[in-house]
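Right, one structure below, let's go through it.
There are 2 protein chains.
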Amino acid sequence: MSRKATIGDVAKRAKVSPTAVSRWLNGGLELPEATGARIRNAVAALDYQPHAQARRLSKGKAEAIGIVVPDISNAFFALLAGEAERIAVASGHDVVIWSSRNRIERELACFDRLRAGYIDGLLLITNHEDDGRLAERIRSMPGRVVIIDEDVVGSEAPSFFVENEFGGYEATRHLIEHGHRRIAHIGGPKGVMSAIERARGWRRALSEAGITPETQWHVFTEYEVEPATRDAVQLFALDPLPTAIFAGSDAVALGVMTQARRRGIAIPEDISLVGFDGMPINDLLGPPLTSIAQPIDDLGRRGAERLLAMINGEPFEVTRTRLPVELVTRASVAAPRKEKF
Amino acid sequence: MSRKATIGDVAKRAKVSPTAVSRWLNGGLELPEATGARIRNAVAALDYQPHAQARRLSKGKAEAIGIVVPDISNAFFALLAGEAERIAVASGHDVVIWSSRNRIERELACFDRLRAGYIDGLLLITNHEDDGRLAERIRSMPGRVVIIDEDVVGSEAPSFFVENEFGGYEATRHLIEHGHRRIAHIGGPKGVMSAIERARGWRRALSEAGITPETQWHVFTEYEVEPATRDAVQLFALDPLPTAIFAGSDAVALGVMTQARRRGIAIPEDISLVGFDGMPINDLLGPPLTSIAQPIDDLGRRGAERLLAMINGEPFEVTRTRLPVELVTRASVAAPRKEKF
DNA sequence: ACGCTTTACTAAAGCGATTTACAACGGGCT
DNA sequence: AGCCCGTTGTAAATCGCTTTAGTAAAGCGT
Numbered sequence: 021m022s023r024k025a026t027i028g029d030v031a032k033r034a035k036v037s038p039t040a041v042s043r044w045l046n047g048g049l050e051l052p053e054a055t056g057a058r059i060r061n062a063v064a065a066l067d068y069q070p071h072a073q074a075r076r077l078s079k080g081k082a083e084a085i086g087i088v089v090p091d092i093s094n095a096f097f098a099l100l101a102g103e104a105e106r107i108a109v110a111s112g113h114d115v116v117i118w119s120s121r122n123r124i125e126r127e128l129a130c131f132d133r134l135r136a137g138y139i140d141g142l143l144l145i146t147n148h149e150d151d152g153r154l155a156e157r158i159r160s161m162p163g164r165v166v167i168i169d170e171d172v173v174g175s176e177a178p179s180f181f182v183e184n185e186f187g188g189y190e191a192t193r194h195l196i197e198h199g200h201r202r203i204a205h206i207g208g209p210k211g212v213m214s215a216i217e218r219a220r221g222w223r224r225a226l227s228e229a230g231i232t233p234e235t236q237w238h239v240f241t242e243y244e245v246e247p248a249t250r251d252a253v254q255l256f257a258l259d260p261l262p263t264a265i266f267a268g269s270d271a272v273a274l275g276v277m278t279q280a281r282r283r284g285i286a287i288p289e290d291i292s293l294v295g296f297d298g299m300p301i302n303d304l305l306g307p308p309l310t311s312i313a314q315p316i317d318d319l320g321r322r323g324a325e326r327l328l329a330m331i332n333g334e335p336f337e338v339t340r341t342r343l344p345v346e347l348v349t350r351a352s353v354a355a356p357r358k359e360k361f
Numbered sequence: 021m022s023r024k025a026t027i028g029d030v031a032k033r034a035k036v037s038p039t040a041v042s043r044w045l046n047g048g049l050e051l052p053e054a055t056g057a058r059i060r061n062a063v064a065a066l067d068y069q070p071h072a073q074a075r076r077l078s079k080g081k082a083e084a085i086g087i088v089v090p091d092i093s094n095a096f097f098a099l100l101a102g103e104a105e106r107i108a109v110a111s112g113h114d115v116v117i118w119s120s121r122n123r124i125e126r127e128l129a130c131f132d133r134l135r136a137g138y139i140d141g142l143l144l145i146t147n148h149e150d151d152g153r154l155a156e157r158i159r160s161m162p163g164r165v166v167i168i169d170e171d172v173v174g175s176e177a178p179s180f181f182v183e184n185e186f187g188g189y190e191a192t193r194h195l196i197e198h199g200h201r202r203i204a205h206i207g208g209p210k211g212v213m214s215a216i217e218r219a220r221g222w223r224r225a226l227s228e229a230g231i232t233p234e235t236q237w238h239v240f241t242e243y244e245v246e247p248a249t250r251d252a253v254q255l256f257a258l259d260p261l262p263t264a265i266f267a268g269s270d271a272v273a274l275g276v277m278t279q280a281r282r283r284g285i286a287i288p289e290d291i292s293l294v295g296f297d298g299m300p301i302n303d304l305l306g307p308p309l310t311s312i313a314q315p316i317d318d319l320g321r322r323g324a325e326r327l328l329a330m331i332n333g334e335p336f337e338v339t340r341t342r343l344p345v346e347l348v349t350r351a352s353v354a355a356p357r358k359e360k361f
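As you go down the protein sequences, you meet chains A and B in turn. Start counting the first sequence at 21; every next residue gets the next number (the numbering used here). Start counting the second sequence at 21; every next residue gets the next number (the numbering used here).
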């Protein structure tokens, strides 16, 4: 196998200078048809492709963006990343995906990649509370970072969230309308914006209905199935049991379902359940899961578009966009059992 | 914000040559503690990081691998890619993920990236029949490609598959043992190895039980929920209905479930169902889905390990490894209803 | 005091593109 | 004839790092 053709080889074959080839290929030089044809033929004959690294070094651009997600094998993030990837690839950028596994060191490492020029910009999706280091890194790279889905307190970057408070409110309203009053909430970690806001919506709906939640009705967990399964135990230890549960994400709802199944508690007959995310699979769960649907595609798309625009020179501006959510009713909610007094 | 520090700045500050800095940092030069400390301090003071593109150009390595999946937002591929990513990152490589959306042009484009040096190696996961172009590209880049999960006919590369035939056989045996005899199969596309092998296992099990499948019992679809939902219609048009269905993947089984639900057909009471993949979510479906579990993590891990080893100079060798599968029984299989004659 | 080895580094040549600045040439105008 | 200008290019610098091939100085044995 012969060495890969370089621009010099093409130039030699087309009997012009490398400069001419480069400029002609990149559209910076008009040449008579005959010369153009010679270059075109040489490129074809040698199957020439500009060397990625050399080009990047010269241009000072990586033509790539990074996406940091807590875990790419989580369907929600896979969906989000998939959409962002689609947008980025369409505009000629490569996409490097990192699973941070919620380790802040891994997230910080991605910023090193950014500084080192591996990528031109970063789409950041976190899942946990920042200790200040992330925010500092984000501020240090203005115009290079877009935040999606979950806030990083004190950061300054364009960000795209959903209406978490309203979603929590709607979910809880829906349960109240079905006659529930003992409505527990198992949500994301303390200190995380989405968890705080969703819980706030839950409280507001309860309060409007004249219900005062007991402290133990609110359980904190992580937005993953395993931890949620573990922490859901606290819900099932309540006496009396809640008649309904608002889960802070669909993954958390999956944890609740797992735990309910283990204990022979039927959903929705014994306990009603509402999730948050609106994953496509919800339709097929047992039972199909009522959930607050997020516009996942929009989050990914708009985040990616904004990042690419900034990379291409759109002025840096700190915006915080809220995208709407929507209640999707399925079969995991029913009226509570009649209680005996 | 000042310009990023270069190796020259570090050298100046540490009062040595750039060569010394480079070699010392890369472990190619032993220096007295005092000099080392000066460099270390300079690096820290300037917050120096080697420029990614320059380093790559110099070394002739991208320190990155690519992963091509049909669709990253499909949970199976997300799981696979996630595991491969973990391995690659652990060895200091970046991971570029492409969703091919089963368009062969997009897959070919990834090979251009490989040739252009954007990445050092490619982990290829396809889902469809090749027209020969993929195989040719793979052959043209020996030692740079590893194939996972699905064969590319005529390619020459290390590959990791699962025991599809045995899986199909086991799934069908399981149904036969429950008393089923009218067992249909809806599987992946014609011409795709996994689909052919799984169907072969299905046929063998039937044949051993003295059952001759009718032609219409075998429906072809794609390994995605949407197409499977559409094509499952053919199964429900059969008269008499099959009492059991072996689906070629869990996504296909999801399609069957969707269609059954629409028609008010109960699983497993009216029809039993077995899937293939063993996705974690199967536990929580309605009903929990019996399935042939693939060692997804192993596929991703071993594929990535092999690719990295080849990049690091392990001799190129065409191997085809088969990983074992395992029947995981859940609630989607029951005995067939008694028939009236 | 001489040559040899070891220590502690460095100069300069790449890597393969892009880009800036400039040059040769022919033709039209005055 | 001399000048200008558009066309058709080219030479050389640059991006920031790695790496090959050395060199200067110190140490050491005899």
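Note that CB positions come from ideal geometry on N, CA and C, so glycine has one too. Keep in mind that this is a model prediction, so the values were computed, not measured.
Residue i vs residue j beta-carbon contact at 8 Å
| i | j | result |
| --- | --- | --- |
| ARG340 (chain A) | PHE181 (chain A) | yes |
| LEU343 (chain B) | ASP303 (chain B) | no |
| VAL173 (chain A) | ILE158 (chain A) | no |
| ILE87 (chain B) | ALA101 (chain B) | yes |
| VAL348 (chain B) | SER311 (chain B) | yes |
| ARG17 (chain B) | PRO233 (chain B) | The requested residue 17 (chain B) is not part of the displayed model; chain B covers only 21 to 361. |
| PRO288 (chain A) | ALA354 (chain A) | yes |
| PRO12 (chain B) | ALA351 (chain B) | In the structure displayed, chain B extends from 21 to 361; residue 12 (chain B) sits before or after that span and is not available. |
| ASN184 (chain A) | GLY137 (chain A) | no |
| LEU1 (chain B) | LEU77 (chain A) | As displayed, chain B neither begins before 21 nor continues past 361, which places residue 1 (chain B) out of reach and without an answer. |
| ILE363 (chain A) | ARG164 (chain A) | Coverage of chain A is limited to positions 21 through 361, which leaves residue 363 (chain A) absent and any answer about it impossible. |
| PRO162 (chain B) | ARG202 (chain B) | no |
| GLY28 (chain B) | PRO38 (chain B) | yes |
| LEU255 (chain B) | ALA219 (chain B) | no |
| ALA264 (chain A) | ILE285 (chain A) | no |
| GLY141 (chain A) | ILE331 (chain A) | yes |
| ALA313 (chain A) | GLU346 (chain A) | yes |
| ILE145 (chain A) | ASP169 (chain A) | yes |
| GLY188 (chain B) | GLU149 (chain B) | no |
Of the listed residues the options, nearest to residue i (C-alpha basis)
| i | options | result |
| --- | --- | --- |
| HIS200 (chain A) | A:GLY208, A:GLY207 and A:ALA191 | A:ALA191 |
| ARG106 (chain B) | B:ASN94, B:GLU127, B:ALA84 and B:ASP91 | B:ALA84 |
| ALA177 (chain B) | B:GLU156, B:HIS194 and B:GLU183 | B:GLU156 |
| VAL294 (chain B) | B:ALA229, B:ALA324, B:PHE240 and B:GLY207 | B:GLY207 |
| LEU328 (chain A) | A:ALA82, A:ALA204 and A:LEU261 | A:ALA82 |
| VAL109 (chain B) | A:GLU127, A:ASP114, A:ASN94 and A:ALA108 | A:GLU127 |
| HIS198 (chain A) | A:ALA40, A:ALA229, A:CYS130 and A:GLY80 | A:ALA229 |
| PHE266 (chain A) | A:ILE117, A:ASP297, A:PRO260 and A:GLY284 | A:ASP297 |
| ASP151 (chain B) | B:GLY211, B:ILE92 and B:GLU103 | B:GLY211 |
For residue i, the first and last residue of its enclosing alpha helix (DSSP H)
| i | result |
| --- | --- |
| ASP140 (chain B) | ASP140 (chain B) -> no alpha helix (DSSP H), and no H or E assigned at all. |
| ARG282 (chain B) | 270 to 283 |
| GLU346 (chain A) | Careful: GLU346 (chain A) lies outside any alpha helix (DSSP H), inside the beta strand (DSSP E) at 346 to 348. |
| THR249 (chain A) | 245 to 251 |
| LEU293 (chain B) | No alpha helix (DSSP H) contains LEU293 (chain B), which is instead part of the beta strand (DSSP E) from 292 to 297. |
| SER214 (chain A) | 213 to 228 |
| GLU325 (chain A) | 316 to 331 |
Residue i, enclosing beta strand (DSSP E) - first and last residue
| i | result |
| --- | --- |
| PRO118 (chain A) | It is worth fixing the name first, because residue 118 (chain A) is Trp in this sequence and not Pro. 114 to 119 is the span of the beta strand (DSSP E), which, as asked, contains TRP118 (chain A). |
| ALA267 (chain B) | 264 to 267 |
| ARG342 (chain A) | 340 to 343 |
| GLY207 (chain A) | 203 to 207 |
| ILE312 (chain A) | 310 to 313 |
| HIS238 (chain B) | 238 to 240 |
Length at least 3, wholly inside the stretch 154 to 199 of chain A: the beta strand (DSSP E) runs in chain order: 165 to 168 and 179 to 182
Which runs of the beta strand (DSSP E), 3 residues or longer, sit entirely within the stretch 32 to 111 of chain B? 84 to 89
Any chance the stretch 246 to 258 of chain B sits against the stretch 269 to 278 of chain B, with 3 or more Cβ pairs inside 8 Å? yes
Give a yes or no on contact between the stretch 55 to 73 of chain A and the stretch 23 to 30 of chain A, applying the rule of three or more CB pairs nearer than 8 Å. yes
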